[in-house]
Amino acid sequence: NKTPLSNIRTLVQNIPESAYFYTLDNDRIDVNDEECFTVEDIINNEEINLKEEKENKSEINDVTIGICLNGKPMIKKKFNKNISLSDVRKEFENIKQIPKDFDFEDLEGFKIQTDDEQSSQLTSILHDNKINITTEGIDISLNNSFLLGSPNNSTIPGNSLTGSTKSDISIHNTEMEVADTSTSDTDV
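So the sequence shown is numbered by our numbering: it starts at 1 and just counts up by one.
Written out as C-alpha coordinates, the structure reads:
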(Lines of atoms letter the chains of each structure in order from A and count residues from 1; the text may use other names and numbers.)
(Lines give C-alpha, C1' and ligand atoms only; values in the text may rest on other atoms or scores of the structure.)
Protein backbone atom coordinates (compact mmCIF):
# COMPACT_ATOMS: atom_id res chain seq x y z
CA ASN A 1 0.00 0.00 0.00
CA LYS A 2 1.45 3.34 -1.10
CA THR A 3 -0.60 5.44 1.31
CA PRO A 4 1.60 8.01 3.11
CA LEU A 5 1.73 7.66 6.90
CA SER A 6 0.56 11.25 7.28
CA ASN A 7 -2.74 10.20 5.64
CA ILE A 8 -3.07 7.26 8.04
CA ARG A 9 -2.77 9.63 10.98
CA THR A 10 -5.51 11.82 9.46
CA LEU A 11 -7.81 8.89 8.59
CA VAL A 12 -7.50 7.08 11.92
CA GLN A 13 -8.90 9.55 14.43
CA ASN A 14 -7.83 7.79 17.62
CA ILE A 15 -4.05 7.93 17.05
CA PRO A 16 -2.72 10.19 19.81
CA GLU A 17 -0.33 13.00 18.91
CA SER A 18 2.27 11.43 21.16
CA ALA A 19 2.26 8.17 19.12
CA TYR A 20 4.95 7.52 16.53
CA PHE A 21 5.30 5.09 13.64
CA TYR A 22 8.43 2.93 13.58
CA THR A 23 10.41 1.51 10.66
CA LEU A 24 11.18 -2.18 10.29
CA ASP A 25 14.55 -1.43 11.94
CA ASN A 26 12.68 -0.01 14.95
CA ASP A 27 13.67 3.61 14.18
CA ARG A 28 11.14 6.24 15.18
CA ILE A 29 9.63 8.28 12.34
CA ASP A 30 9.15 11.94 13.19
CA VAL A 31 5.65 13.33 12.56
CA ASN A 32 7.18 15.85 10.13
CA ASP A 33 8.69 12.97 8.11
CA GLU A 34 5.54 10.84 7.90
CA GLU A 35 4.69 12.10 4.40
CA CYS A 36 8.01 10.62 3.18
CA PHE A 37 7.07 7.11 4.33
CA THR A 38 4.29 4.84 3.07
CA VAL A 39 2.47 2.01 4.80
CA GLU A 40 4.46 -0.34 2.57
CA ASP A 41 7.72 0.96 4.12
CA ILE A 42 6.78 0.01 7.66
CA ILE A 43 4.37 -2.95 7.39
CA ASN A 44 5.65 -6.28 8.69
CA ASN A 45 3.45 -9.39 8.68
CA GLU A 46 0.47 -7.14 8.13
CA GLU A 47 1.31 -5.18 11.29
CA ILE A 48 2.38 -1.59 11.70
CA ASN A 49 4.57 -0.67 14.63
CA LEU A 50 2.97 2.33 16.35
CA LYS A 51 4.07 3.33 19.85
CA GLU A 52 2.76 6.01 22.11
CA GLU A 53 5.57 7.78 23.89
CA LYS A 54 4.66 9.68 26.97
CA GLU A 55 7.39 12.14 27.72
CA ASN A 56 8.07 12.37 31.38
CA LYS A 57 7.74 16.12 31.74
CA SER A 58 8.85 16.10 35.35
CA GLU A 59 12.18 14.56 34.31
CA ILE A 60 12.60 17.22 31.62
CA ASN A 61 11.95 19.95 34.20
CA ASP A 62 14.05 18.39 36.96
CA VAL A 63 17.35 20.12 37.49
CA THR A 64 20.10 19.74 40.06
CA ILE A 65 20.74 23.14 41.56
CA GLY A 66 23.54 24.46 43.69
CA ILE A 67 22.31 26.20 46.81
CA CYS A 68 24.49 29.07 47.99
CA LEU A 69 24.11 30.56 51.46
CA ASN A 70 25.16 34.22 51.59
CA GLY A 71 26.95 33.72 48.26
CA LYS A 72 28.95 30.65 49.39
CA PRO A 73 28.24 27.23 47.79
CA MET A 74 26.64 24.88 50.29
CA ILE A 75 24.86 21.82 48.82
CA LYS A 76 23.23 20.54 45.64
CA LYS A 77 19.66 19.28 45.42
CA LYS A 78 17.36 18.15 42.61
CA PHE A 79 14.16 20.16 42.04
CA ASN A 80 11.53 20.66 39.38
CA LYS A 81 12.49 24.07 38.01
CA ASN A 82 8.81 25.12 37.87
CA ILE A 83 8.20 24.53 41.60
CA SER A 84 7.08 27.53 43.66
CA LEU A 85 9.55 29.11 46.06
CA SER A 86 7.20 28.36 48.96
CA ASP A 87 7.47 24.64 48.07
CA VAL A 88 11.26 24.98 47.86
CA ARG A 89 11.19 26.51 51.36
CA LYS A 90 9.23 23.45 52.61
CA GLU A 91 11.87 21.16 51.08
CA PHE A 92 14.65 23.18 52.73
CA GLU A 93 13.06 22.59 56.16
CA ASN A 94 14.27 18.97 55.91
CA ILE A 95 17.89 19.94 55.19
CA LYS A 96 19.99 20.39 58.34
CA GLN A 97 22.63 22.60 56.70
CA ILE A 98 20.08 25.28 55.79
CA PRO A 99 19.08 27.68 58.57
CA LYS A 100 15.34 28.00 59.19
CA ASP A 101 15.35 31.80 58.86
CA PHE A 102 16.50 32.70 55.36
CA ASP A 103 15.40 34.80 52.42
CA PHE A 104 15.53 33.92 48.74
CA GLU A 105 17.43 36.40 46.58
CA ASP A 106 16.47 37.25 43.01
CA LEU A 107 19.04 37.47 40.21
CA GLU A 108 19.90 41.06 41.18
CA GLY A 109 20.49 40.20 44.85
CA PHE A 110 17.21 41.60 46.19
CA LYS A 111 15.36 39.66 48.88
CA ILE A 112 12.05 38.10 47.89
CA GLN A 113 9.24 38.68 50.36
CA THR A 114 7.79 35.53 51.93
CA ASP A 115 4.33 36.64 50.72
CA ASP A 116 5.60 36.51 47.10
CA GLU A 117 7.09 33.01 47.34
CA GLN A 118 3.87 31.17 46.40
CA SER A 119 3.55 33.07 43.12
CA SER A 120 7.27 32.91 42.24
CA GLN A 121 8.82 29.89 40.56
CA LEU A 122 12.29 28.51 41.10
CA THR A 123 13.16 29.57 37.53
CA SER A 124 12.73 33.22 38.57
CA ILE A 125 15.82 33.03 40.81
CA LEU A 126 17.75 30.27 39.00
CA HIS A 127 21.01 31.39 37.36
CA ASP A 128 23.53 28.87 35.97
CA ASN A 129 21.65 26.18 37.94
CA LYS A 130 22.35 28.01 41.22
CA ILE A 131 20.22 29.94 43.67
CA ASN A 132 21.26 32.18 46.52
CA ILE A 133 19.60 32.31 49.90
CA THR A 134 20.68 34.73 52.58
CA THR A 135 20.51 35.16 56.32
CA GLU A 136 22.16 38.58 56.13
CA GLY A 137 20.07 41.27 57.75
CA ILE A 138 18.14 38.70 59.77
CA ASP A 139 18.91 38.96 63.50
CA ILE A 140 19.16 35.34 64.59
CA SER A 141 20.72 36.08 68.03
CA LEU A 142 18.09 38.06 69.92
CA ASN A 143 19.69 37.18 73.29
CA ASN A 144 22.79 39.26 72.55
CA SER A 145 21.01 42.36 71.34
CA PHE A 146 19.81 45.48 73.11
CA LEU A 147 18.02 48.57 72.00
CA LEU A 148 19.49 52.04 72.23
CA GLY A 149 17.55 54.19 74.63
CA SER A 150 16.43 51.22 76.68
CA PRO A 151 16.52 51.39 80.50
CA ASN A 152 19.87 49.56 80.39
CA ASN A 153 21.46 52.35 78.35
CA SER A 154 20.40 55.53 80.09
CA THR A 155 22.44 58.56 81.10
CA ILE A 156 22.39 59.44 84.76
CA PRO A 157 23.13 63.06 85.62
CA GLY A 158 26.32 63.34 87.64
CA ASN A 159 27.63 65.78 90.18
CA SER A 160 27.51 69.20 88.61
CA LEU A 161 30.51 70.33 90.70
CA THR A 162 32.82 67.61 89.31
CA GLY A 163 31.44 67.93 85.79
CA SER A 164 31.12 64.18 85.31
CA THR A 165 28.24 61.90 84.42
CA LYS A 166 27.64 58.24 85.00
CA SER A 167 26.43 56.22 82.06
CA ASP A 168 25.50 52.58 81.79
CA ILE A 169 26.93 51.69 78.38
CA SER A 170 27.41 47.95 78.61
CA ILE A 171 25.10 45.00 78.46
CA HIS A 172 26.01 43.89 82.01
CA ASN A 173 24.88 47.12 83.74
CA THR A 174 28.39 48.14 84.82
CA GLU A 175 28.76 51.85 85.40
CA MET A 176 31.53 53.96 83.98
CA GLU A 177 32.71 57.47 84.85
CA VAL A 178 32.79 59.82 81.90
CA ALA A 179 34.64 63.09 82.45
CA ASP A 180 33.06 66.20 80.99
CA THR A 181 35.82 67.90 79.01
CA SER A 182 33.68 70.74 77.77
CA THR A 183 34.46 74.24 79.00
CA SER A 184 31.93 75.75 81.28
CA ASP A 185 30.69 79.33 81.06
CA THR A 186 30.33 79.54 84.81
CA ASP A 187 33.21 79.67 87.26
CA VAL A 188 33.17 77.23 90.15
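Where a beta carbon is used, it is the ideal one built from N, C-alpha and C, also for glycine.
Distance between residue j and residue i (C-alpha atoms, nearest Å)
| i | j | result |
| --- | --- | --- |
| N26 | K78 | 33 Å |
| E175 | K81 | Note that E175 has pLDDT 47, beneath the 50 cutoff, so the model's placement of it is unreliable and no number is given. |
| D30 | K72 | 45 Å |
| N44 | R89 | 54 Å |
| H4 | T38 | With the sequence shown as reference, residue 4 is identified as Pro, and His is not the correct amino acid for it. When rounded, the distance between both Cα atoms is 4 Å. |
| V12 | I60 | 30 Å |
| R28 | P16 | 15 Å |
| S135 | D101 | Checking the sequence, you will find Thr at residue 135 rather than Ser. Those two C-alpha atoms are separated by around 7 Å. |
| N132 | S18 | 38 Å |
| D33 | Y20 | 11 Å |
| D103 | E53 | 40 Å |
| D41 | T10 | 18 Å |
| T23 | V63 | 33 Å |
| K2 | E108 | 60 Å |
| Q113 | K96 | 23 Å |
| D116 | L50 | 46 Å |
| H127 | E91 | 19 Å |
| L69 | S120 | 19 Å |
| N14 | I8 | 11 Å |
Beta-carbon separation (whole angstroms), residue i vs residue j, contact threshold 8 Å
| i | j | result |
| --- | --- | --- |
| E93 | I125 | Rounded, the Cβ-Cβ distance is 18 Å, inconsistent with contact. |
| K111 | G66 | Not a contact, Cβ separation roughly 19 Å. |
| S6 | E35 | 4 Å |
Segment limits, alpha helix (DSSP H) that includes residue i
| i | result |
| --- | --- |
| T10 | L5 to L11 |
Terminal residues of the beta strand (DSSP E) in which residue i lies
| i | result |
| --- | --- |
| E105 | D103 to E105 |
| K190 | The structure shown does not extend to residue 190, since the chain is modelled only from 1 to 188, so the question has no answer here. |
| F21 | A19 to Y22 |
Closest residue to residue i among the options (Cα-Cα distance)
| i | options | result |
| --- | --- | --- |
| D87 | I60, S18 and L122 | L122 |
| S84 | E91, Q118, N1 and V63 | Q118 |
| P99 | S120, I75, V63 and C36 | I75 |
ask   = Which runs of the alpha helix (DSSP H) fall wholly inside the stretch 26-104 and span at least 4 residues, in chain order?
value = As far as the stretch 26-104 is concerned, its whole alpha helix (DSSP H) runs of at least 4 residues are 39-42, 57-61 and 85-92.
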